[in-house]
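Asker: For reference, the structure I am asking about is given below.
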Amino acid sequence: MECVVQGIIETQHVEALEVLLQGLSGVPKERVRVHELCLKSGPNLGVVPSEVRLLCDLAQPTPSWTIRHVGGSMRGAGAEQISVLVRTVVESKASKNVLHYFYTIGYKLDHELLKIGFAFRFHRGAQITVTVTSANKMAKLHATDEAVPVTPGIQLVEITAPAAADNYNDVASAVTAFCEYLAPLLHLSKPGNTTGIVPTAGAAAASLMSSGGGKTL
Amino acid sequence: MDAAAAAAALGATPAAGAPPPVAAAGEQQAAPRAERLSAGVQQQLNLEGMRARAVGLYKAISRILEDFDVIARTNPGASPKWQDVLGQFSMVSMELFNIVEDIKNVSKVFVVYPRNVNAENATILPVMLSSKLLPEMEVEEATKREHLLSGIANLPVPTQIEKLKARIDMIGSACETAEKVIAECRKSYGLGARQGANLGPTLDKAQAAKIQEQENLLRAAVNYGEGLRVPGDQRQPHSSLPSHLVEVLPFGDGAQNFGDNSGVYPKNTSTFAPNSANTQGNPIQASGGQLLGRPAPSPGATGTPNFENVSTPPMPYANSPRSGANMMNTPSPQQHLTPQQQRQKLMHASQQQQLHAQQQQLHSQQQLRPSAAGMLAQSTIPQLQDLQGQAQQKLQVPGQQQMQYNQALSQQFQNRQMQPGRMQPGMSQSQLNQGNQLRSHLGQFTGAANSAMFTAAQASSNSQMMANMPGTMQSQSLLPQMQYGLTGGHPQRSHPSQMLTDQMFGMGATNTTSMMGMQQQQQQGVYGNMQAGAQNMQQGMVGLQNQTQNPNFPQQRQQNQQ
Chain A
20 MECVVQGIIE
30 TQHVEALEVL
40 LQGLSGVPKE
50 RVRVHELCLK
60 SGPNLGVVPS
70 EVRLLCDLAQ
80 PTPSWTIRHV
90 GGSMRGAGAE
100 QISVLVRTVV
110 ESKASKNVLH
120 YFYTIGYKLD
130 HELLKIGFAF
140 RFHRGAQITV
150 TVTSANKMAK
160 LHATDEAVPV
170 TPGIQLVEIT
180 APAAADNYND
190 VASAVTAFCE
200 YLAPLLHLSK
210 PGNTTGIVPT
220 AGAAAASLMS
230 SGGGKTL
Chain D
60 MDAAAAAAAL
70 GATPAAGAPP
80 PVAAAGEQQA
90 APRAERLSAG
100 VQQQLNLEGM
110 RARAVGLYKA
120 ISRILEDFDV
130 IARTNPGASP
140 KWQDVLGQFS
150 MVSMELFNIV
160 EDIKNVSKVF
170 VVYPRNVNAE
180 NATILPVMLS
190 SKLLPEMEVE
200 EATKREHLLS
210 GIANLPVPTQ
220 IEKLKARIDM
230 IGSACETAEK
240 VIAECRKSYG
250 LGARQGANLG
260 PTLDKAQAAK
270 IQEQENLLRA
280 AVNYGEGLRV
290 PGDQRQPHSS
300 LPSHLVEVLP
310 FGDGAQNFGD
320 NSGVYPKNTS
330 TFAPNSANTQ
340 GNPIQASGGQ
350 LLGRPAPSPG
360 ATGTPNFENV
370 STPPMPYANS
380 PRSGANMMNT
390 PSPQQHLTPQ
400 QQRQKLMHAS
410 QQQQLHAQQQ
420 QLHSQQQLRP
430 SAAGMLAQST
440 IPQLQDLQGQ
450 AQQKLQVPGQ
460 QQMQYNQALS
470 QQFQNRQMQP
480 GRMQPGMSQS
490 QLNQGNQLRS
500 HLGQFTGAAN
510 SAMFTAAQAS
520 SNSQMMANMP
530 GTMQSQSLLP
540 QMQYGLTGGH
550 PQRSHPSQML
560 TDQMFGMGAT
570 NTTSMMGMQQ
580 QQQQGVYGNM
590 QAGAQNMQQG
600 MVGLQNQTQN
610 PNFPQQRQQN
620 QQ
């Protein structure tokens, strides 16, 4: 299971967000360049179509593949009180033949996406991963070199934290608490809800980006 | 906070943040050693990170103050934009709060240590460092204490403690209810969790709408893939796949898409050439025109990803088990090789060729003894143990290949505990560590004498076997003649393992242990072919070709026994 929130930020403020995250997390940023292939099962594979995502991490010298299956999210009154989305997720590393394997058993490519950006992984009440990426689409199949952003001016910020059935409340509150720190720059919400941008993000970004080191007091 | 307090706070934090840390054990080493924080403290407190944060905070605050200064200087009448200032202040205070919280957790192991005593702070330092309260603070505390314990000062101490606890609880519950009420009111008024979010400039409607639209696009694209789906007819293979897909997609793709993408196919052939260079030795050997390296439009031109035609499995890759059975299927043109030819061929050829040659030879041998197949069906439980007893058989090796075979067989069979007695020699051998042993067996005839055998022995981790090998050289000539005399009660067969062991024994000092050693290693390999049935001939052939041939094995045995 994982707790996840998403938000958007204007591309011009991404650098400021990076500075802020760097300060809050204390870990070095990791480059993210992920080719995400979303496969849907064919009609011969069961009544309900299932969807599986293959993530190919292109940031490493040798690409590494991950299979990711996103399940349903928690529903109900309890879920509505939590400000993060809690959903089941299964992830696994795989060899590079995984794409071929899924094709062979009947999955078909539904869409693909190239995510380029950076991420911070740290522990703050829970193991939190903050990913800031621009989603790029490819006009031609698998043309990762020619990917263009879906929305050039806006990037996606995603905060996830793995959780278990017995501790998701704590994890959710840890994530919420961390999100407060990002409030000057962006609003975060469950993936289904839109948030808009923060009007004063510009000022906050400016203060973050100013070179600092003013006169000694 | 005013500038002085801020400065004091900042002045103190760096001092606390980068002092000579206190050794966890509390022992100060006299010798100049690098002092480190204990592991536990280090886990709780990332000192470098803390320092970075403190420095960052310091810079932020000084920046803010500088802004104030600039405004005050340039335009004495103006006031700063308070909204921005408040926003920055909230961030700064949040960060300071966090730093203080983190340090509080580990403050027990730290001591504030004045780095620099000079005229400026010499007077104030003792006051700051002392733990005694200032006089005013003392008075304050006294009055508070009196107020607190006014009603209960006369009671015994435990009762006082209880009463105070009860008061604390009451206050705590009162606070909680108050928070709840506030939260509910916030919700009902739609204020949201964060105060002041609606102050300040708002975007004008058009801009907000644009951004909203973009946001919806982005979220839909990432979460659901909207706007990213390329219609099937446009899913044409790109001219060059990215590197991480080059290796992955071509496999089987051509097989899948044969017949699917007739429309696409011709287009792809033009791109085929550059892609074939990327296949990296892809052993796919379909009929010409297979679209190696074509990216996965397994969706294909037909408009829908159509994988139903994946009936033919992809051609065997390099990673499919290269069983000797494959070679079985290729007819062997050479049927009769002279021993000399065979030896040279075996020695100089690659492993496969060697296997092939042996297979061919075996074929020839097989043809001479068609009845051999029937033998396979009769598997008597082998008596490897019996072999032990037959120690005095002289190893007569008529020909090289037989020698090789014998020795390979001997290795293998001695490892087997169970062997059908009527196996055609060499049939029973399945793939062992064929390559090494095979070559090593073959190598012995290159004149390198026992070096190959030595390698074989090493492979089987049984050096004792080598001691027996030298004896084999001389007896090679006898092997071919042994083809037609088998012991063990069977006209043409004897227990191959028996044969082998005999030979092994004949090779010199019988060395039971060496055989045992080999048994363990090769038992599994030989098992594979010890299946009754004519079909096993084929399998045995497979096995044979992977090891040295030993067509003369049975005969040898017979001779030995006779």
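In order, the protein sequences belong to chains A and D. Under our numbering, the first sequence has 95 at position 76, and the numbering climbs by one with no breaks. Under our numbering, the second sequence has 401 at position 342, and the numbering climbs by one with no breaks. All residues carry an ideal CB built from backbone N, CA and C; glycine is no exception.
Rounded to whole angstroms, what is the Cα-Cα separation between Glu160(D) and Gly115(D)?
Answerer: For the purposes of this step, residue 160(D) is taken as residue 101 along the second sequence, with counting starting at 1. For the purposes of this step, residue 115(D) is taken as residue 56 along the second sequence, with counting starting at 1. Whole-angstrom Cα-Cα distance: 16 Å.
Asker: Kindly say whether Cys75(A), judged by its beta-carbon, lies nearer than 8 Å to any beta-carbon of chain D.
Answerer: Reading the first sequence from its first residue, position 56 is the one you call residue 75(A). With 8 Å as the cut-off, Cys75(A) counts as an interface residue toward chain D.
Asker: Using DSSP's beta-bridge definition, name the partner residues of Ile86(A).
Answerer: Counted from its first residue, the first sequence places residue 86(A) at position 67. Under DSSP, Ile86(A) forms a beta bridge with Leu73(A) and Ser111(A).
Asker: To the nearest angstrom, report how far apart Asn157(D) and Thr148(A) are at their CA atoms.
Answerer: Along the second sequence, one-based indexing puts residue 157(D) at 98. Along the first sequence, one-based indexing puts residue 148(A) at 129. Here the C-alpha atom of Asn157(D) lies approximately 19 Å from the C-alpha atom of Thr148(A).
Asker: Starting from Cys22(A), follow its DSSP beta bridges and name the residues at the other end.
Answerer: Here the question's residue 22(A) lines up with position 3 in the first sequence. In DSSP, Cys22(A) forms a bridge with Val105(A) and Ala180(A).
Asker: With DSSP as the reference, label Arg245(D) as helix, strand or coil.
Answerer: What you label residue 245(D) is simply residue 186 of the second sequence in a count that begins at 1. Of the three classes helix, strand and coil, the one that applies to Arg245(D) here is helix, per DSSP.
Asker: Would Thr179(A) and Cys22(A) qualify as a contact pair, given that the criterion is a beta-carbon distance under 8 Å?
Answerer: Residue 179(A) sits at position 160 when you count from the first residue of the first sequence. Residue 22(A) sits at position 3 when you count from the first residue of the first sequence. Yes. Within cutoff.
Asker: Using a Cβ-based criterion (distance less than 7 Å to any ligand heavy atom), does Val217(A) qualify as near the ligand GDP?
Answerer: No copy of the ligand GDP appears in this structure; indeed no ligand is present at all.
Asker: For a quick check, are the C-beta atoms of Lys281(D) and Leu132(A) less than 8 Å apart?
Answerer: Working through the second sequence from its first residue, we reach residue 281(D) at position 222. Working through the first sequence from its first residue, we reach residue 132(A) at position 113. According to the sequence shown, residue 281(D) is Val rather than Lys. Against a cut-off of 8 Å, the Cβ pair of Leu132(A) and Val281(D) comes out as a contact.
Asker: How long is the line joining the alpha carbons of Gly26(A) and Val176(A), rounded to whole angstroms?
Answerer: Within the first sequence, residue 26(A) is the residue found at index 7, counting from 1. Within the first sequence, residue 176(A) is the residue found at index 157, counting from 1. In a straight line, the C-alpha of Gly26(A) is about 5 Å away from that of Val176(A).
Asker: Measuring alpha carbon to alpha carbon, tell me which of Ser69(A), Pro62(A) and Gln79(A) ends up nearest Val53(A).
Answerer: Within the first sequence, residue 53(A) is the residue found at index 34, counting from 1. Minimum Cα distance to Val53(A) is reached at Gln79(A).
Asker: If you measure from the beta carbon of Ala223(A) to each beta carbon in chain D, is any gap under 8 Å?
Answerer: The sequence position of residue 223(A) within the first sequence is 204, counting from 1. Residue-level contact by beta carbon holds for Ala223(A) and chain D, with a gap shorter than 8 Å.
Asker: In the DSSP output, which residue or residues are listed as bridge partners for Val53(A)?
Answerer: Stepping through the first sequence from its first residue, residue 53(A) is reached at position 34. In DSSP, Val53(A) forms a bridge with Asp76(A) and Lys134(A).
Asker: Got a sec: which bits of the stretch 108-131 of chain A sit with their beta carbon under 9 Å from any beta carbon on chain D, in order along the chain?
Answerer: Lys115, Asn116, Val117, Leu118, His119, Tyr122, Thr123, Ile124, Gly125, Tyr126, Lys127, Leu128, Asp129, His130 and Glu131
Asker: From Leu184(D), Lys167(D) and Val165(D), pick the residue whose C-alpha is nearest to that of Arg174(D); which is it?
Answerer: Within the second sequence, residue 174(D) is the residue found at index 115, counting from 1. Measuring C-alpha to C-alpha distances from Arg174(D) to each of Leu184(D), Lys167(D) and Val165(D) identifies Leu184(D) as the nearest.
Asker: Against Asp143(D), what residues of chain A qualify as contacts under a CB-to-CB distance less than 9 Å, listed in chain order?
Answerer: Here residue 143(D) is taken as the residue at index 84 of the second sequence, counted from 1. Here the neighbours are Thr219, Ala222, Ala223, Ala225 and Ser226.
Asker: Can you round the beta-carbon distance between Leu39(A) and Leu160(A) to whole angstroms, since I take them to be within the 8 Å contact cut?
Answerer: What you label residue 39(A) is simply residue 20 of the first sequence in a count that begins at 1. What you label residue 160(A) is simply residue 141 of the first sequence in a count that begins at 1. That pair is no contact at about 37 Å.
Asker: Please identify the residue among Ala222(A), Ala223(A) and Gly215(A) whose C-alpha is closest to the C-alpha of Lys269(D).
Answerer: Residue 269(D) sits at position 210 when you count from the first residue of the second sequence. If we check each option's Cα against that of Lys269(D), Gly215(A) comes out closest.
Asker: Would you mind giving the Cβ-Cβ distance between Thr170(A) and Gln266(D), rounded to the nearest angstrom? I have them listed as a contact below 8 Å.
Answerer: To locate residue 170(A), count along the first sequence from 1; it is residue 151. To locate residue 266(D), count along the second sequence from 1; it is residue 207. About 15 Å separates the CB atoms of Thr170(A) and Gln266(D); that is not less than 8 Å, and the two are not in contact.
Asker: Give me the residue from Gln100(A), Asp164(A) and Glu37(A) with the minimum Cα distance to Lys48(A).
Answerer: Against the first sequence, residue 48(A) aligns to sequence position 29. It is Glu37(A) whose Cα lies nearest to the Cα of Lys48(A).
Asker: Can you name the residues that DSSP bridges to His142(A)?
Answerer: Sequence index remark: in the first sequence, residue 142(A) carries index 123 (1-based). Beta-bridge annotation (DSSP): His142(A) is paired with Gln146(A).
Asker: Under a three-way DSSP split, which group does Ala212(D) fall into?
Answerer: The residue given as residue 212(D) occupies position 153 in the second sequence. Reduced to three states, the DSSP call for Ala212(D) is coil.
Asker: Can you confirm whether Leu300(D), when its beta carbon is compared against all beta carbons of chain A, has any partner nearer than 8 Å?
Answerer: Here residue 300(D) is taken as the residue at index 241 of the second sequence, counted from 1. Yes, Leu300(D) lies at the interface with chain A (some Cβ there is under 8 Å from its Cβ).
Asker: Is the Cβ-Cβ distance between Val51(A) and Lys134(A) less than 8 Å?
Answerer: Here residue 51(A) is taken as the residue at index 32 of the first sequence, counted from 1. Here residue 134(A) is taken as the residue at index 115 of the first sequence, counted from 1. Cβ atoms of Val51(A) and Lys134(A): closer than 8 Å.
Asker: Go ahead and label Gln100(A) buried or exposed: buried means 16 or more other beta carbons lie within 10 angstroms of its beta carbon, across all protein chains shown.
Answerer: One-based indexing of the first sequence puts residue 100(A) at position 81. Gln100(A) comes out exposed.
Asker: For a contact meaning CB atoms closer than 8 Å, what does Arg204(D) contact in chain A?
Answerer: Locating residue 204(D) in the second sequence gives position 145, where the first residue counts as 1. Contact annotation for Arg204(D) against chain A: no contact, minimum CB-CB distance about 36 Å [criterion: below 8 Å].
Asker: Just the Cα atoms here: how many angstroms apart are Ala201(D) and Lys191(D)?
Answerer: Working through the second sequence from its first residue, we reach residue 201(D) at position 142. Working through the second sequence from its first residue, we reach residue 191(D) at position 132. The alpha-carbon atoms of Ala201(D) and Lys191(D) are separated by roughly 14 Å.
Asker: Under 8 Å, Cβ to Cβ, is there at least one residue of chain A near Glu160(D)?
Answerer: Within the second sequence, residue 160(D) is the residue found at index 101, counting from 1. Taking Cβ atoms only, chain A never reaches closer than 8 Å to Glu160(D), which makes this a no.
Asker: What residues of chain A sit near Ile130(D), judged by a beta carbon separation below 9 Å?
Answerer: Mapped onto the second sequence, residue 130(D) falls at position 71. The premise fails here: Ile130(D) is roughly 14 Å from chain A at the closest Cβ pair, so nothing lies under 9 Å.
Asker: How many angstroms separate the CA atom of Gly97(A) from the CA atom of Ala145(A)?
Answerer: As a working mapping, residue 97(A) is identified with position 78 in the first sequence. As a working mapping, residue 145(A) is identified with position 126 in the first sequence. Pairing Gly97(A) with Ala145(A), the inter-Cα distance amounts to about 20 Å.
Asker: Return the first residue and the last residue of the alpha helix (DSSP H) that Val167(A) is part of.
Answerer: One-based indexing of the first sequence puts residue 167(A) at position 148. Per DSSP, Val167(A) belongs to no alpha helix (DSSP H); it is in the beta strand (DSSP E), Ala166 to Pro168.
Asker: How would you call Met237(A), buried or exposed, if buried means at least 16 neighbouring beta carbons within 10 angstroms?
Answerer: This structure does not reach residue 237(A), given that chain A is present from 20 up to 236, and the question cannot be answered.
Asker: In terms of alpha-carbon separation, which member of Cys244(D), Lys222(D), Ser121(D) and Asp228(D) lies closest to Val151(D)?
Answerer: Residue 151(D) sits at position 92 when you count from the first residue of the second sequence. Of the listed residues, the one whose Cα sits closest to Val151(D) is Ser121(D).
Asker: Quick check on Met157(A): does DSSP put it in helix, strand or coil?
Answerer: The residue labelled residue 157(A) in the question sits at position 138 within the first sequence. Met157(A): strand per DSSP, three-state reduction.
Asker: Can you list the residues of chain D that Pro210(A) reaches, using a CB-CB cut of under 9 Å?
Answerer: Along the first sequence, read from residue 1 onward, the residue named residue 210(A) stands at position 191. Ordered by position in chain D, the residues that pass the 9 Å Cβ test against Pro210(A) are Arg278, Val281 and Asn282.
Asker: With burial defined as no fewer than 16 other Cβ atoms inside 10 Å of the residue's Cβ, what is the status of Glu29(A): buried or exposed?
Answerer: Your numbering for residue 29(A) matches position 10 in the first sequence. Counting Cβ neighbours within 10 Å, Glu29(A) comes out buried, since at least 16 surround it.
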